[in-house]
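Data block below; observations after.
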Amino acid sequence: MTTADQSGEVPARGKRADARRNEQRLLAAAAEVFVTSGVDAPIREIAATAGVGMGTIYRHFPTRADLVVAVFRHQVEACAEAGPRLLAEADSPFAALREWADRFVDFLVTKHGLADALQSDSGGFEKLHAYFLDRLVPVCAQLLDAAADAGEIRSGAQAYELMRGIGNLCIGSDPRYDPRRLVDLLLRGLRS
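FYI, the numbering for the sequence shown is 675 to 866, going by the numbering used here.
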C-alpha cells in the first residue's frame with residue numbers, strides 16, 4: 675500500500691527496472707540513428723535499432739520533439755557521468771581528459787543534428803543549451819584541474835574554452851574530415 679507524505683501527496687512510483695532499461699536502450703538507439711540518418715529518421719528505423727516496437731517509442735515519447743529532447747539529455751548525462759569515472763579509472767588525469775574528449779566528440783556529432791531539430795523552439799533550445807553547459811563545464815574543469823595538478827598540462831586552461839574549441843572542430847559533415855585528429859592536436863597543445 676502506498677502512503678501519502680506529510681503534505682498529503684502520494685509519491686509517484688518510479689519506473690520498473692525493465693522499463694528503464696527499455697528507455698535507455700531506446701535513447702541509445704535513437705542517438706545512433708540520428709548520427710547516421712538525421713533527426714528526421716523514421717521512427718520504425720529507431721524501433722528496429724532498439725529492438726522494440728514502434729508503440730514502445732510512442733509510449734515513452736509521444737512526439738518527435740520529446741524524443742529529441744530525451745536523447746539530448748541522455749547524451750549529456752552519459753558524458754557528465756563519464757568524467758569522474760574516467761578520472762578514477764584512467765592511468766593518468768591527462769589520459770582521462772583525452773578519453774572524455776573522445777566521448778564529448780561522440781556527443782557533439784549527435785548534438786549538431788539535435789540543435790537543428792530544436793531551432794524552431796528557441797526557448798526550449800536555450801534551456802537545453804544551459805543544461806548542457808551546467809552539467810558538462812564543471813566535469814571538464816575537474817579533468818583539466820586534475821591534469822594540471824599532476825603536472826601533465828599547463829595550468830590556466832578554461833573548460834568552456836576547451837569545450838568550445840572541440841565543438842568548433844566538430845562542425846562539418848565531410849567524410850574525409852576526422853575531427854578527432856585535430857582534437858588530439860588541441861589536447862597535445864595543453865601539455866606542459
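Just so it is clear, CB atoms sit at the ideal spot from N, CA and C, and this is done for glycine as well.
Counting only unbroken stretches of 4 or more residues, the alpha helix (DSSP H) elements lying wholly within the segment 829-858 are 833-843, in sequence order. When 749, 759, 813 and 853 are compared, the shortest CA-CA separation from residue 834 is found for 813. Residue 865 is bridged by DSSP to 827. In this structure, residue 817 lies away from residue 769, with their beta-carbon atoms at least 8 Å apart. Counting the other Cβ atoms within 10 Å of the Cβ of residue 846 gives fewer than 16, which makes it exposed.
Taking 8 Å as the cut-off, the Cβ atoms of residue 707 and residue 730 do not count as close. Residue 736 carries a coil assignment under DSSP once its states are collapsed to helix, strand and coil.
Of the candidates 819, 779, 828 and 807, 779 places its Cα closest to the Cα of residue 853. Assignment of residue 716 by DSSP, reduced to helix, strand and coil, places it in the coil class.
The C-alpha of residue 738 lies about 43 Å from the C-alpha of residue 829.
The straight-line gap separating the alpha-carbon atoms of residue 772 and residue 757 is approximately 10 Å. For residue 765, there is no enclosing alpha helix (DSSP H), as DSSP marks it with neither H nor E.
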